[in-house]
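For the record, in the sequence shown the residue sitting at position 30 is 29 according to numbering that gives the first Met the number 0, with numbers rising by one throughout. We put the CB at the ideal spot given by N, CA and C, even for glycine. Quick caveat, the model's predicted, so the values are computed rather than measured. Quick notes on the structure that follows.
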Amino acid sequence: MAHFILNTIALVDKLNSGYSQSQLIPLAHDMGFDAIELRDEFLQEADIPNIVQLAEQFNTEVYYSVNEPLIKDGHFNQRFFNQLKLSQELHTKHLKMNIGSLANFDNVFPREFLDAITTDISLTVENNQSSEDSNLNNTLHFFEIINSQKMPITFCFDTANWLWVNTDPITAVEKLAPNVSYLHLKNASNKSGVLSTTQSLENGAVNIPSIISKCSVQDYGFEYQSTIEQLTQDLVKIKSITKAY
0 MAHFILNTIA
10 LVDKLNSGYS
20 QSQLIPLAHD
30 MGFDAIELRD
40 EFLQEADIPN
50 IVQLAEQFNT
60 EVYYSVNEPL
70 IKDGHFNQRF
80 FNQLKLSQEL
90 HTKHLKMNIG
100 SLANFDNVFP
110 REFLDAITTD
120 ISLTVENNQS
130 SEDSNLNNTL
140 HFFEIINSQK
150 MPITFCFDTA
160 NWLWVNTDPI
170 TAVEKLAPNV
180 SYLHLKNASN
190 KSGVLSTTQS
200 LENGAVNIPS
210 IISKCSVQDY
220 GFEYQSTIEQ
230 LTQDLVKIKS
240 ITKAY
């Protein structure tokens with residue numbers, strides 16, 4: 000069964016005007032989303048009990064997005080365990096991080112990490128807009144390591160971020176599809192050599208329906224700033240498209 004997830008960056012105007020992330024849960028529910036994806040940069044410790052209470056009240060699943068690399072300076076990033084603790088406080092089993100650069104990576108993962116991702120958490124890693132961390136070769140190499148060690152880490156494929164690293168998203172998804180469990184949907188346009196995210200999935204250089212058709216996923220996240228009205232319209236369209244897959 001498909002899950003449609005609102006990343007809170009979508010309503011960043013409300014966050015900037017004083018809303019907490021917990022206050023976006025009823026809005027996401029009313030818009031037709033099944034889940035909300037909290038962002039670490041907006042997370043307030045005092046808001047965590049409200050998040051847990053409102054998520055239960057509105058039957059809204061919680062995902063947690065952390066702008067932190069899993070691999071840092073050639074080693075496993077021990078800050079993972081800080082994020083795991085916060086995930087537990089948020090009552091979520093969905094944690095997403097970035098990969099990080101694999102240059103000089105020692106290929107060592109702590110036993111505590113392996114235990115955690117086997118029992119406590121569903122961990123995904125995402126491509127960001129950094130050419131060092133998210134170029135296609137780095138991403139493919141990461142999953143060569145993960146697959147060889149049979150580790151339960153999957154890929155959150157951001158549909159537009161590939162443009163920032165000069166890679167065709169269709170080429171990327173064709174190579175990475177077996178590892179993709181989550182699509183972060185957004186589009187982008189290039190105006191006078193400057194890339195920017197658009198406010199609708201239908202506007203931009205990325206063929207979103209084509210990418211959806213090449214992946215066997217159940218999680219669809221909406222991660223672009225827009226209005227409630229436009230996000231709701233895009234959600235209806237994506238629900239219609241995904242019925243075919």
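Residue closest to E79, alpha-carbon to alpha-carbon, out of L89, N97, H90 and Y62: The question names Glu, yet the displayed sequence has Phe at residue 79. Selected option, being the one with the closest Cα: N97.
Residue interval of the alpha helix (DSSP H) (run including I4): Note, I4: premise wrong, no alpha helix (DSSP H); beta strand (DSSP E) at H2 to N6.
Figure out for me which residue from A176, N160 and S215 has the closest Cα to the Cα of N189. N160
Give the range of the beta strand (DSSP E) segment to which M96 is assigned. H93 to N97
Of the residues I120, D114 and T226, which one's Cα is nearest the Cα of L85? I120
Helix, strand or coil for P168, going by three-state DSSP, please let me know. helix
What is the DSSP secondary structure of R110, counted as helix, strand or coil? helix
According to DSSP, is L101 part of a helix, a strand, or is it coil? coil
Run through DSSP, which three-state label would F57 get? coil
Assuming D46 contacts N66 (C-beta within less than 8 Å), just tell me the rounded distance between them. In fact, because the Cβ distance is near 18 Å, the residues do not count as touching under 8 Å.
Helix or strand or just coil, what does DSSP make of S209? helix
CB-CB under 7 Å to N103, same chain, minus the five flanking residues each way: which ones, in chain order? G73
On a CA-only basis, which of E201, L101, L89 and I145 is nearest L230? Give me that one, please. E201
Classification of A1 by the beta-carbon crowding that lies within 10 angstroms, buried from 16 upward: exposed
Classify L10: buried if its beta carbon has 16 or more other beta carbons within 10 angstroms, exposed otherwise. buried
Can you name the residues that DSSP bridges to P68? N97
DSSP bridge partner residues for V124 (one or two, in chain order): M96 and F154
Nearest-angstrom Cα distance between V205 and S130? 18 Å
Just to confirm my understanding: we take T138, look at its own chain, exclude 5 residues before and 5 after, and list those with CB closer than 7 Å. What are they? I98, N126 and L175
Using only CA atoms, which one of Y219, I152, N178 and V172 lies nearest to K213? Considering only alpha carbons, the answer is V172.
Count the other CB atoms within 10 Å of the CB of E228; is the residue buried (16 or more) or exposed (fewer)? Counting Cβ neighbours within 10 Å, E228 comes out exposed, since fewer than 16 surround it.
Distance check for D218 and F57, CA to CA, integer angstroms please. When rounded, the separation of the alpha-carbon atoms in F57 and D218 is 19 Å.
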